[in-house]
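Here is the structure we will look at.
Residue numbers (full-length UniProt numbering): 1 to 334.
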C-alpha cells in the first residue's frame with residue numbers, strides 16, 4: 001500500500017500543475033484538469049409552453065391596435081386638411097373675377113364680373129321662386145305685388161306666371177301681369193292680358209282700367225279715352241278713371257294741334273329730331289344700335305344671344321317712349 005501511495009505521489013508530482021501553471025491559473029481562474037460538466041438548463045414542459053399560433057395572434061392583435069390608433073390620430077388631421085382645402089377653394093372662386101370690358105388681365109382667373117353678377121341675380125330669383133307645393137294663386141299674387149313695390153318687375157312677373165299656371169281662370173292674375181308688362185315697357189303684351197281678363201269678366205273694373213292704360217301707352221288715345229269713360233260710368237268712385245280721362249283728352253288735343261301746324265310729316269326719323277325728345281337717352285339708343293351692328297355679336301354663342309336680346313328689348317322700349325313723348329311735346333314746340 002505504501003508503494004502504491006508513493007507511486008501515485010510521484011505521478012502527481014510529474015503530471016500535476018507546475019508553479020507557472022498555478023500562476024496562470026490565478027489570472028485565468030480556470031481549473032486545469034477539472035472536468036466540469038455544464039449543467040443543462042431545464043426546459044419547460046410541452047404542456048406549459050404557449051403555442052406558436054397564440055404568440056402570433058397576440059402579436060397580430062397588438063399590431064392591429066397600433067395601426068388603428070395611428071389611423072385615428074391621422075383621420076382628424078386629414079379632415080382638418082380637407083376643410084382648409086375647401087375654404088381655400090371657396091376663397092379662390094370668389095377672387096376669380098376680371099372685367100372684360102376694361103381688358104383687365106388678372107392671373108387669378110378669367111370670369112367676367114358682369115356675367116357673375118347676372119348669374120348671382122338669377123340664382124337669387126330661382127331661390128326666391130322655390131315655393132312649397134301648398135302655395136296657392138293668392139299667395140303668389142301677394143308676393144308679386146310685394147316685388148312690384150320693390151321695383152323687381154321681372155321677379156313679380158315670374159310669380160304671376162306661376163299663379164296663372166295654378167289658376168288659369170283667375171282674373172286678378174291677368175290684371176297683375178298686365179300691370180307688370182306696362183311697368184316693363186311692353187304695352188302690347190299688357191293689352192293682351194287686359195283683354196284676357198275682360199273675356200273672363202267684361203265688367204271687371206281693374207281689367208278695364210288696365211286696357212285703357214295699355215291703349216294709352218300704345219298711342220291709341222281715342223280708344224283709351226273711350227275705355228276711361230266706360231270705366232268711369234261703371235265705377236265713378238275710382239279716381240284713376242277720372243285722371244285717365246283728363247290725360248287722354250290732353251294727349252288728343254296735343255296731337256290735333258300738332259297736325260294743324262305741321263305741313264309735311266317727316267319721312268325718316270333722324271337722331272337730331274329724336275334728341276330733344278329722348279334727351280340723354282339718345283346716346284344710349286345710339287350705343288345699343290351700334291352694339292347690334294358689332295360683328296363679334298353675330299357669332300352664335302349663348303352669351304351673345306342674351307346680350308342681343310337685352311339690347312333689342314331696350315331699343316324697342318326707347319322707341320315706344322320716343323313716340324309717346326313726341327306726341328306729347330309736339331304741340332308745345334310749335
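Note that the Cβ used here is the ideal one computed from N, Cα and C, for glycine as well. Every value quoted in this text rests on a predicted model; they were computed, and no experiment measured them.
Rounded straight-line distance, which links the Cα of residue 187 to that of residue 280: 23 Å
Sufficient close CB pairs (3 or more, under 8 Å) joining the stretch 188-202 to the stretch 136-154: no
Same chain only: Cβ atoms within 6 Å of residue 241, ignoring 5 sequence neighbours per side: 228, 231 and 232
Residue from 4, 82, 10 and 318 with nearest C-alpha to residue 218: 318
Alpha-carbon spacing of residue 282 relative to residue 321, whole angstroms: 11 Å
Length of the line joining the Cα atoms of residue 169 and residue 175: 12 Å
Neighbourhood of residue 7 by C-beta distance below 7 Å, restricted to the same chain and skipping five residues each side: none
Member of 82, 243, 210 and 185 whose CA lies at the smallest distance from the CA of residue 196: 210
Simplified DSSP state of residue 220, which is helix, strand or coil: coil
Reduced DSSP secondary structure (H/G/I, E/B, other) of residue 294: coil
First and last residue of the uninterrupted alpha helix (DSSP H) at residue 184: First-last for residue 184: undefined, no H or E at that position.
Straight-line Cα distance separating residue 294 from residue 310: 15 Å
Cα-Cα separation, residue 223 to residue 215: 7 Å
Proximal residues to residue 193 (C-beta, below 7 Å), its chain only, five neighbours per side dropped: 174, 177, 178 and 181
Beta-carbon proximity of residue 225 to residue 252, cut-off 8 Å: yes
C-alpha distance - residue 96 paired with residue 290, whole-angstrom precision: Residue confidence is low: residue 96 scores 47 on pLDDT, short of 50, so the model does not pin down where it sits. No coordinate-derived value is stated.
Same chain, Cβ closer than 8 Å to residue 238, five either side skipped, listed in chain order: 205, 209, 231 and 232
Cut-off 7 Å between Cβ atoms - residues of its own chain near residue 260, not counting five sequence neighbours on either side: Low confidence applies to residue 260: its pLDDT is 48, below 50, so where it sits in the model is not reliable, and the reading given next is rough at best. Closer than 7 Å at the Cβ level, and outside the excluded window around residue 260, lies no residue.
Span of the alpha helix (DSSP H), counted from its first residue to its last, around residue 154: 153-166
Nearest-angstrom Cβ-Cβ length linking residue 144 and residue 160, presumed shorter than 8 Å: 5 Å
Rounded separation between residue 306 and residue 287 - CA only: 17 Å
Reduced DSSP secondary structure (H/G/I, E/B, other) of residue 37: With a pLDDT of only 46 at residue 37, under the threshold of 50, the placement of this residue in the model should not be trusted, and no figure is reported.
For residue 235, three-class secondary structure by DSSP: coil
Minimum C-alpha distance to residue 247 - residue among 220, 234, 203 and 236: 220
CB-CB length for residue 200 against residue 162, believed under 8 Å: Not a contact, Cβ separation roughly 19 Å.
C-alpha distance - residue 167 paired with residue 138, whole-angstrom precision: 9 Å
Backbone secondary structure at residue 227 - three-state DSSP: helix
Where residue 83 falls: helix, strand or coil (DSSP): helix
Minimum Cβ-Cβ distance from residue 285 to chain C less than 8 Å: Although the question refers to chain C, the structure presented lacks it and comprises just one protein chain.
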